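This report refers to the structure that appears directly beneath it.
Number of protein chains: 2
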Amino acid sequence: MSDVLARHRAFYDAVETGDLELMESLWAQSPATSCVHPGSEPLTGTDAVLRSWAVVMANVEYIQFFLTDVSFSVHAGDVAVVTCTENILSGEGVETSDSFTGGKAVCTSVLVRDGAEAPWRFWSRHASPVLEPVEETD
Amino acid sequence: MSDVLARHRAFYDAVETGDLELMESLWAQSPATSCVHPGSEPLTGTDAVLRSWAVVMANVEYIQFFLTDVSFSVHAGDVAVVTCTENILSGEGVETSDSFTGGKAVCTSVLVRDGAEAPWRFWSRHASPVLEPVEETD
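Line by line, the protein sequences are chains R and V. Mapping to full-length UniProt numbering: the first sequence position 32 is 32, numbers consecutive. Mapping to full-length UniProt numbering: the second sequence position 99 is 99, numbers consecutive.
Written out as structure tokens, the structure is:
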């Protein structure tokens, strides 16, 4: 089942390298697929999902994802649920080329395939910000 | 497939009525189930997930969920993905009995079943806050 995780990682490679063709190849084609970007409402349908990623890729000059706590389960043979923490390093919002901003999100993805010989494809992706607790001071 | 949505709705009924027994009956029993509360890191394993809901139920006196944009898909016969918007009315954080606070979250849930005769059970739940865009003023 390592091919599930390889496809899951390929998603982040696509964002990092701005490879929209790779991104397209990773999604199931359906009006019922869904994607939730951190803090946003769900996008429904592969066309809308891919458009949103095209916009992200066009607007982010540098981004890198370090994934931790990756775990997955497979159901009914052809459906996988993958959860992970995305530790994000990005050049967005900083003004000099040698500075970075960071962020953390958690993500649950559902990948499906049409039988054991078919590739895994994303059906649903839900990412959300991890809000740091406000420290109380005396 | 309306039984998927009935089980999905029963989850919110359990929270609203503080019915931990109902909540327990709705989850698959596994160390690999997962639950993301809005703004939080994932909880893994049914024991941890149920403990978190027991704490929520113990601390929230009044809460009501109005679900909108509910949609679902079924994969490989026995895996369902449900997305919805949770419009939340709660008595938390207010001081008089006739005032309420509201909130909005979006949620992606994965339910599974062991064959067509078995009940649907939650395997994964990922809820996140919808962050309102900051309005720019001149």
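All C-beta atoms, glycine included, are put in the ideal place defined by N, C-alpha and C. Everything numeric in this text was worked out from a predicted model, so none of it was measured.
Where the segment 71-85 of chain V meets chain R: residues whose CB sits under 9 Å from a CB there = S71, F72, S73, H75, A76, G77, D78, V79, V81, T83, C84, T85
Which same chain residues, not among the five before or five after A54 (chain R), have their C-beta less than 6 Å away from its C-beta?
-> L20
When we look at the beta-carbon of A127 (chain R) and count the other beta-carbons within 10 Å, is it buried (16 or more) or exposed?
-> buried
Kindly indicate the opening and closing residues of the alpha helix (DSSP H) around W53 (chain V).
-> 46-59
By a C-beta neighbour count over all protein chains shown, 10 Å radius and 16 as the cutoff for buried, is L50 (chain R) buried or exposed?
-> buried
Contact check, A105 (chain V) vs P42 (chain V) under 8 Å by CB: the rounded distance?
-> Not confirmed; about 15 Å, so no contact.
Which bits of chain V does G39 (chain R) rub up against, with CB to CB less than 8 Å?
-> S128, P129, V130, L131
Since S109 (chain V) is in the beta strand (DSSP E), which residue starts that stretch and which ends it?
-> 101-112
So is L26 (chain V) buried or exposed if we call it buried at 16+ other beta carbons inside 10 Å?
-> buried
Taking only beta carbons into account, state which residues of the segment 30-58 of chain V come closer than 9 Å to chain R, listed in chain order.
-> S30, A32, T33, S34, V36, P38, G39, S40, E41, P42, T44
Are the CB atoms of F122 (chain R) and A28 (chain R) nearer to each other than 8 Å?
-> yes
Could you tell me which chain R residues have their CB closer than 8 Å to the CB of W123 (chain V), listed as they occur along the chain?
-> S73, H75, V81
So which residues of chain R does V4 (chain V) contact, with C-beta pairs closer than 9 Å?
-> By Cβ distance, chain R contributes nothing, its closest Cβ being about 14 Å from V4 (chain V), past 9 Å.
When the Cα atoms are used, what is the spatial distance from P129 (chain R) to E117 (chain V)?
-> 38 Å
Going by Cα to Cα distance, which pick from R:T44, R:T68, R:E16, R:A6 is closest to residue 143 (chain R)?
-> This structure does not reach residue 143 (chain R), given that chain R is present from 1 up to 138, and the question cannot be answered.
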